[in-house]
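Shown next, in structure tokens, is the structure this report addresses.
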Amino acid sequence: MVARRDRCGFSLLELTVSIAIFGIFLLILTGLATQMARFDRTFRLELMTHPQTMAVLARVQRDVHASVAYPASYGEFSQNPRTLLLTLPGEGEGAITVIYDFSADDEVRRLAFRGETAEPTWIARGTGVYEISSYEMPDERVAVRLRGRDREGRMAVDQIYQPHPRF
Amino acid sequence: MRGSRGFSLIEVLAGLLILSFVITTSLGVFYHRERTHRRAEEMMLVWQVLGNESEVVRRIPWANLGALNGQPFRSDLDLLAGFDEFSSRIEVADAKPMLKDVTLTLTWGDGRTASVSVLRGDTGGSTLW
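From first to last, the protein sequence lines stand for chains A and B.
Heads up: take any position in the first sequence, counting from 1, add 699, and you land on the working numbering.
Heads up: take any position in the second sequence, counting from 1, add 319, and you land on the working numbering.
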């Protein structure tokens with residue numbers, strides 16, 4: 700014979716209500732976490748800290764610093780808001796022409812030609828949308844202004860690079 | 320003795336206290352994270368603006384550097400559009416003979432600042448800085 704307990708467990712109704720309340724609480728927390736993740740993606744920081752973006756900025760900066768001229772055109776390429784042409788001093792076999800092709804959204808191509816010979820092309824993806832313009836310095840020299848926008852179309856990159864002075 | 324009883328007032332209050340603590344902590348974490356993220360973004364953009372201005376300052380003739388003292392930045396601040404109120408200022412001080420310390424500072428409405436210094440030398444008119 701089973702002895703009758705003084706205190707019984709929770710009834711099905713009580714359990715259901717408790718689980719429902721807990722479920723609502725979990726739902727709120729999950730909603731918050733989702734909102735947090737969505738919020739993160741709206742920050743321009745995401746583009747700026749993307750390794751490919753940083754690689755593009757570093758390469759453009761290094762090439763502009765080393766450049767000695769901005770050629771108007773090379774082969775099928777010409778200077779325009781989505782294409783940057785630079786002349787870098789070469790050793791022995793003449794100057795190197797570097798072309799940054801920003802024409803495709805979220806992709807940057809760096810082509811290099813030593814004389815007529817093409818060197819390996821470097822490509823970065825997931826980088827945002829870039830635009831090139833010239834920036835006149837106080838001493839009337841011309842610098843390169845690189846502006847990039849994220850997927851939302853907001854400006855996330857705005858950097859001015861200028862060739863380094865020569866000895 | 321009752322076979323089954325409800326929760327006492329103390330138990331209910333303790334339960335509510337724990338629940339409100341958890342909710343408050345969650346919301347606090349959310350707020351803190353958002354603020355930290357926003358500040359990181361601000362700094363990322365501010366350093367670009369400071370970098371751009373320092374490039375411009377490097378190209379200002381030595382003789383004209385003193386006139387920059389107390390002036391706002393010469394490069395545009397489009398990148399910071401949409402942020403809270405902020406102002407820019409250039410300060411020029413003599414560091415040593417033939418050396419000037421140019422400090423570029425951005426100040427937010429709440430008093431936070433970010434600054435960078437550029438040391439300029441008198442190169443006698445050459446393009447070196």
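Yeah, the Cβ is synthetic: ideal placement off N, Cα and C, and Gly gets one too.
Item to check | Leu394/B classed as buried or exposed, judged by whether at least 16 other C-beta atoms fall within 10 angstroms | outcome: Within the second sequence, residue 394/B is the residue found at index 75, counting from 1. Checking the sequence shown, residue 394/B turns out to be Ser, not Leu. Flag for Ser394/B reads buried.
Item to check | Under 8 Å (Cβ pairs) to chain B, residues found in the stretch 748 to 761 of chain A | outcome: For the stretch 748 to 761 of chain A, which is checked against every Cβ of chain B, the residues closer than 8 Å are Thr748.
Item to check | Beta carbon of Leu756/A nearer than 8 Å to that of Ile831/A | outcome: Indexing the first sequence from 1 puts residue 756/A at position 57. Indexing the first sequence from 1 puts residue 831/A at position 132. Cβ distance not < 8 Å, so Leu756/A and Ile831/A don't count as in contact.
Checklist entry - Just checking my contact of Val828/A with Gly814/A at CB under 8 Å: how many whole Å lie between their CB atoms? => result Mapped onto the first sequence, residue 828/A falls at position 129. Mapped onto the first sequence, residue 814/A falls at position 115. Incorrect: roughly 32 Å between the Cβ atoms, too far for contact.
Item to check | Three-state class that DSSP yields for Met854/A in the structure shown | outcome: For the purposes of this step, residue 854/A is taken as the residue at position 155 of the first sequence. Met854/A: strand per DSSP, three-state reduction.
Checklist entry - Applying the criterion that 16 or more other CB atoms from any shown protein chain within 10 Å of the CB defines a buried residue, is Asp857/A buried or exposed? => result Looking up residue 857/A in the first sequence gives position 158. Answer is buried; the Cβ neighbour count reaches 16.
Checklist entry - Which residue comes first and which comes last in the beta strand (DSSP E) that contains Ile795/A? => result Residue numbering aside, residue 795/A sits at position 96 when the first sequence is read from its first letter. Taken as a continuous stretch (DSSP letters only), the beta strand (DSSP E) holding Ile795/A covers Ile795 to Asp800.
Next on the checklist: Assuming Phe812/A and Arg781/A are in contact, meaning their beta carbons sit under 8 Å apart, how far apart are those beta carbons, in whole angstroms?
Outcome noted: Taking the first sequence and counting its residues from 1, one reaches residue 812/A at position 113. Taking the first sequence and counting its residues from 1, one reaches residue 781/A at position 82. Incorrect: roughly 19 Å between the Cβ atoms, too far for contact.
Checklist entry - Near Met700/A, which residues of its chain fall below 6 Å by C-beta distance, leaving aside the five closest residues on each side in sequence? => result Against the first sequence, residue 700/A aligns to sequence position 1. With a pLDDT of 48 at Met700/A, under the threshold of 50, the predicted position of this residue should be treated as unreliable, and no value is reported.
Next on the checklist: With a threshold of 8 Å between beta carbons, is Glu374/B in contact with chain A?
Outcome noted: Within the second sequence, residue 374/B is the residue found at index 55, counting from 1. Judged by the 8 Å Cβ criterion, Glu374/B is in contact with chain A.
Item to check | For Leu787/A: DSSP bridge partner residues | outcome: Position 88 of the first sequence, counted from the start, is the residue given in the question as residue 787/A. Per DSSP, the beta bridge partners of Leu787/A are Ile795/A.
Checklist entry - In chain B, which residues lie less than 9 Å from Phe776/A when you measure between Cβ atoms? => result Stepping through the first sequence from its first residue, residue 776/A is reached at position 77. In chain order: nothing, as chain B lies at least about 26 Å away.
Next on the checklist: Do Thr826/A and His749/A have their beta-carbon atoms positioned less than 8 Å apart in this structure?
Outcome noted: For the purposes of this step, residue 749/A is identified with residue 50 of the first sequence, where counting begins at 1. For the purposes of this step, residue 826/A is identified with residue 127 of the first sequence, where counting begins at 1. Yes, Cβ-Cβ distance for His749/A and Thr826/A is below 8 Å.
Item to check | Own chain residues within Cβ distance below 6 Å of Val843/A, not counting five before or after | outcome: Within the first sequence, the letter at position 144 stands for residue 843/A. Only residues of its own chain outside the window of five on either side were considered, and among them Val763 and Tyr860 have a CB closer than 6 Å to the CB of Val843/A, listed in chain order.
Item to check | Buried/exposed call for Thr820/A, threshold 16 Cβ in 10 Å | outcome: Counting from one through the first sequence, the residue named residue 820/A turns up at place 121. Classification for Thr820/A: exposed.
Checklist entry - At a Cβ threshold of 8 Å, is Ser407/B touching chain A? => result Counted from its first residue, the second sequence places residue 407/B at position 88. Not flagged as an interface residue toward chain A: Ser407/B, since no C-beta distance is shorter than 8 Å.
Checklist entry - From what residue to what residue does the alpha helix (DSSP H) around Trp534/B run? => result Here chain B has residues from 320 to 448 only, and residue 534/B is not among them.
Item to check | Residue closest to Val365/B, alpha-carbon to alpha-carbon, out of Gly325/B, Val341/B, Asp403/B and Met417/B | outcome: Residue mapping note: residue 365/B aligns to position 46 of the second sequence, counting from 1. When only C-alpha atoms are compared, the closest one is Asp403/B.
Item to check | Cβ-based neighbour list, Met320/B, same chain, cut-off 6 Å, excluding 5 preceding and 5 following | outcome: As a position in the second sequence, residue 320/B is number 1, starting the count at 1. Any reading at Met320/B needs caution, since the residue's pLDDT is 46, under 50, leaving its predicted position unreliable; the model's value is listed next. Hits under 6 Å: none found.
Checklist entry - chain B beta carbons: is any one of them nearer than 8 Å to that of Asp804/A? => result Along the first sequence, one-based indexing puts residue 804/A at 105. In terms of beta-carbon proximity, Asp804/A stays away from the interface with chain B, with every pair separated by 8 Å or more.
Item to check | Residues of the stretch 340 to 359 of chain B with Cβ closer than 7 Å to any Cβ of chain D, in chain order | outcome: In summary, chain D is missing from the structure at hand, where the protein chains are A and B.
Next on the checklist: Run through chain A and tell me which residues come within less than 8 Å of Gly370/B, C-beta to C-beta.
Outcome noted: Working through the second sequence from its first residue, we reach residue 370/B at position 51. In chain order: Gln858 and Ile859.
Checklist entry - Anyone know if the C-beta pair for Arg378/B and Val437/B falls short of 8 Å? => result Numbered from 1 along the second sequence, position 59 holds the residue referred to as residue 378/B. Numbered from 1 along the second sequence, position 118 holds the residue referred to as residue 437/B. No; because the gap between Cβ atoms is not below 8 Å, this pair is not in contact.
Checklist entry - What is the rounded straight-line gap between the Cα of Ser373/B and the Cα of Thr424/B? => result Locating residue 373/B in the second sequence gives position 54, counting from the first residue. Locating residue 424/B in the second sequence gives position 105, counting from the first residue. One C-alpha to the other measures close to 11 Å.
Item to check | Meets three-Cβ-pair contact criterion under 8 Å: the stretch 766 to 780 of chain A and the stretch 793 to 800 of chain A | outcome: Counting Cβ pairs under 8 Å, three or more are found: they touch.
Next on the checklist: Quick check: the Cα distance between Thr344/B and His351/B, rounded to an integer number of angstroms?
Outcome noted: Residue numbering aside, residue 344/B sits at position 25 when the second sequence is read from its first letter. Residue numbering aside, residue 351/B sits at position 32 when the second sequence is read from its first letter. Going by the C-alpha atoms only, they are around 10 Å apart.
Item to check | Met700/A - DSSP class collapsed to helix/strand/coil | outcome: To locate residue 700/A, count along the first sequence from 1; it is residue 1. For Met700/A, the predicted model reports a pLDDT of 48, less than 50, meaning its position is unreliable; a value from the coordinates is still stated below. In this structure, Met700/A counts as coil in the three-state DSSP scheme.
Checklist entry - Where does Pro862/A sit, in a helix, a strand or coil, going by DSSP? => result The residue given as residue 862/A occupies position 163 in the first sequence. Note: Pro862/A maps to coil in three-state DSSP.
Checklist entry - How would you label Ala360/B, buried or exposed, when you count the other beta carbons within 10 angstroms and need 16 or more for buried? => result Here residue 360/B refers to the residue found at position 41 when the second sequence is read from its first residue. Ala is not the amino acid found at residue 360/B; the sequence shown has Glu there. Flag for Glu360/B reads buried.
Item to check | Short Cβ contact (8 Å threshold) for Ser434/B with Thr442/B | outcome: Indexing the second sequence from 1 puts residue 434/B at position 115. Indexing the second sequence from 1 puts residue 442/B at position 123. Taking 8 Å as the Cβ cut-off, Ser434/B and Thr442/B do not qualify as a contacting pair.
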